[in-house]
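Worksheet: one structure, shown below.
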Amino acid sequence: MMDSTELAKDGIEHAHGGGHAHGDSGARRVAVLIAVLAAMLAIAEMGEKGSQNAYLTHHIQAADNWAFFQAKNIRATVQRAAAEVMDSLPNADDTVHKRAEAARTEAARLRDDPVAGDGSKQIAEKAKAEEHQREVAFHRYHLFELVVGALQIAIVLASVSVVTRVMPLAWSAGAIGGVAGLFGLAVAAGLV
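Structure follows, in structure tokens:
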């Protein structure tokens, strides 16, 4: 399968050849249309790759936050268990009870630390926010895929219109490309 650049170049070459061989100015206009569609395609592909990179970045950050969340929960559980063991010791003196209380305090801090912002409760909120951003980026990626596909189809139609000299194909290519371009702008602006 041809990549986008080869597809556009091929279409321009067909249009260019058709224009000189038969003195057809319509082929030159189609060549310009193909060039514009190719430029739009390149921009849409940049948006697609950018959204894909954002998705991967947020996915990794969410996974890291959930791993940190689990580590904090394990540490809090160990601290709470240590406090329970110390409290259950027979003949425990005040020092042991103070250590048990310190362990309970540390367990509570590990679970919820609004001052430092790194308790498991805060980390879970960060992870959920990253998951949301990941889903938004994934959605944008799929929308850009649609734009890229429509622009590729428009380039093919424009190229075929030169070879077959069927101008309605060029008009269709222009219409599809225009709609795809507007949709791509809406995706880039976050309107969709």
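So the sequence shown is numbered by UniProt numbering: it starts at 1 and just counts up by one. Heads up, the beta-carbon is just placed ideally off N, CA and C, and yes, glycines get one too. If you're wondering where the values come from, they're calculated on a predicted model, not measured in any experiment.
In this structure, how does DSSP classify residue i when only helix, strand and coil are distinguished?
i: D10; result: helix
i: A53; result: Reading off the sequence, residue 53 comes out as Asn, not Ala. In this structure, N53 counts as helix in the three-state DSSP scheme.
i: G23; result: Bear in mind that a pLDDT of 48 at G23, under 50, signals an unreliable position, so the model cannot answer this.
i: V192; result: coil
i: D94; result: helix
i: L146; result: helix
i: L89; result: coil
i: D3; result: coil
Around the Cβ of residue i, are there at least 16 other Cβ atoms within 10 angstroms (buried) or fewer (exposed)?
i: V85; result: exposed
i: A116; result: exposed
i: E6; result: exposed
i: H58; result: buried
i: E101; result: exposed
i: S120; result: buried
i: V32; result: exposed
i: A83; result: buried
i: S51; result: buried
i: S159; result: buried
i: H22; result: Here the model assigns H22 a pLDDT of 47, short of 50, so the residue's position is not dependable and the matter cannot be decided.
i: A188; result: buried
Are the CB atoms of residue j and residue i within a distance shorter than 9 angstroms?
i: Q61; j: E106; result: no
i: L191; j: A173; result: no
i: G184; j: G47; result: yes
i: L56; j: I155; result: no
i: N65; j: K126; result: yes
i: A35; j: V147; result: no
Considering residue i, what are the terminal residues of the alpha helix (DSSP H) in which it resides?
i: A173; result: M167 to A189
i: D118; result: That residue, D118, is in no alpha helix (DSSP H); it is neither H nor E in DSSP.
Quiz prompt | the stretch 63-73 touching the stretch 158-174, judged by at least three CB pairs closer than 8 angstroms | solution = no
Quiz item: Any contact of the stretch 141-156 with the stretch 176-186, i.e. 3+ C-beta pairs under 8 angstroms?
Solution: yes
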